[in-house]
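Working notes, structure below.
Number of protein chains: 2
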Amino acid sequence: MFRAEAHLDLAFQALADPSRRAMVDRLVQGPATVSELAKPLAMSLPGVMQHLAVLEASGLVISEKIGRTRTCRIEPKVLTQAEQWIAERRALWERRLDRLGQFLDETKDD
Amino acid sequence: MFRAEAHLDLAFQALADPSRRAMVDRLVQGPATVSELAKPLAMSLPGVMQHLAVLEASGLVISEKIGRTRTCRIEPKVLTQAEQWIAERRALWERRLDRLGQFLDETKDD
DNA sequence: ATAACACTTAAGTATACACTTAAGTATCGC
DNA sequence: GCGATACTTAAGTGTATACTTAAGTGTTAT
Chain A
1 MFRAEAHLDL AFQALADPSR RAMVDRLVQG PATVSELAKP LAMSLPGVMQ HLAVLEASGL
61 VISEKIGRTR TCRIEPKVLT QAEQWIAERR ALWERRLDRL GQFLDETKDD
Chain B
1001 MFRAEAHLDL AFQALADPSR RAMVDRLVQG PATVSELAKP LAMSLPGVMQ HLAVLEASGL
1061 VISEKIGRTR TCRIEPKVLT QAEQWIAERR ALWERRLDRL GQFLDETKDD
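Going down the list, the protein sequences come from chains A and B.
The letter at position 14 of the first sequence is residue 14 when you use our numbering, and the numbering goes up by one with no holes.
The letter at position 25 of the second sequence is residue 1025 when you use our numbering, and the numbering goes up by one with no holes.
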């Protein structure tokens, strides 16, 4: 039983945590190592690793280990997909409001 | 200890569940009662109520009870805020890519 | 060689989530 | 009034999340 929107579950879930959003916030400025991501967070390194795993599972972040350091960076595709899901719903909602306003205008001279 | 971004936690958390996204999907077409929201979901009514509570707590949906029926509708403000959080990060990421490309162009004649 | 560094794995704990069934309350239509 | 309707509350269950500490592994610098 496969759902096409399952990746949105993971993306929104990943963005629902303030520590993970802080990590994304840092990574949009450019790549960073795990330690760099961890520094501003009041949390143990394994805690940060677990958040990183969630971000990677969602596809928002990818990382690569070179030597003993792992470098992380944003993968913008999923970010865009999440943004578009919201944008489409907001557009539908606004379109409905427009139709409603038009209807009210057309019938106001009764 | 109050965090300004706490409402984003709730908004993204609310959007992370497929049943709740289905409810939002229905509500952007226009208001609906609890039963109408529940009908397409393979779930008990109390289950739906709990999802509705999450959506209301996030500010994505508001509802009003008239007589014995509760009517729900979208409140677009939080939807827009979530969209903007993503849009801003994507813009930062793209701006960085632009600077990087520009730098590479300027230094390619070495 | 060895000590410091940068993760990584494992295991444990406490809380939160996503449901369920059963029972209850407040309208509405006749 | 009284049965059907539309939620609503309460309580229970199983799974998932967000951490922690302790003990690794492989890499780099001296």
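Ideal Cβ placement from N, Cα and C applies to all residues, glycine included.
Can we count residue i as close to the ligand ADP, meaning its CB is less than 7 Å from some heavy atom?
{"i": "B/A1022", "result": "This structure does not include the ligand ADP; it has no bound ligands of any sort."}
Is DSSP giving residue i helix, strand or coil here?
{"i": "A/A42", "result": "coil"}
{"i": "A/K65", "result": "strand"}
{"i": "A/L32", "result": "The sequence shown places Ala at residue 32 of chain A, not Leu. Strand."}
{"i": "B/R1003", "result": "coil"}
{"i": "A/A16", "result": "coil"}
{"i": "B/G1047", "result": "helix"}
{"i": "A/G59", "result": "coil"}
{"i": "B/K1077", "result": "helix"}
Out of the options, state which residue places its alpha-carbon closest to the alpha-carbon of residue i.
{"i": "A/F2", "options": "B/A1006, B/V1078, B/M1049, B/P1018", "result": "B/P1018"}
{"i": "B/V1048", "options": "B/V1024, B/L1008, B/E1094, B/R1068", "result": "B/V1024"}
{"i": "A/A91", "options": "B/R1095, B/L1079, B/L1097, B/E1088", "result": "B/L1079"}
{"i": "A/R26", "options": "A/C72, A/R99, A/E106, A/W85", "result": "A/C72"}
{"i": "B/Q1050", "options": "B/P1040, B/R1096, B/V1034, B/E1064", "result": "B/V1034"}
{"i": "B/R1096", "options": "A/P76, A/Q84, A/Q81", "result": "A/P76"}
{"i": "B/R1070", "options": "B/R1020, B/Q1013, B/A1032", "result": "B/A1032"}
{"i": "A/G30", "options": "B/D1098, B/L1055, B/R1020", "result": "B/D1098"}
{"i": "B/M1043", "options": "B/Q1102, B/L1104, B/R1020", "result": "B/R1020"}
Confirm, please, whether the CB-CB distance from residue j to residue i is below 8 Å.
{"i": "B/A1087", "j": "B/S1058", "result": "no"}
{"i": "B/R1089", "j": "A/V61", "result": "no"}
{"i": "A/W85", "j": "A/L15", "result": "no"}
{"i": "B/E1005", "j": "A/E83", "result": "no"}
{"i": "B/L1041", "j": "B/A1022", "result": "yes"}
{"i": "B/I1066", "j": "A/W93", "result": "no"}
Who does residue i pair with in a DSSP beta bridge?
{"i": "B/E1086", "result": "Residue identity check: residue 1086 of chain B is Ile in the sequence provided, not Glu. Looking at the DSSP assignment, B/I1086 forms no beta bridge with any residue, so it has no partner."}
{"i": "A/T71", "result": "A/T33, A/E64"}
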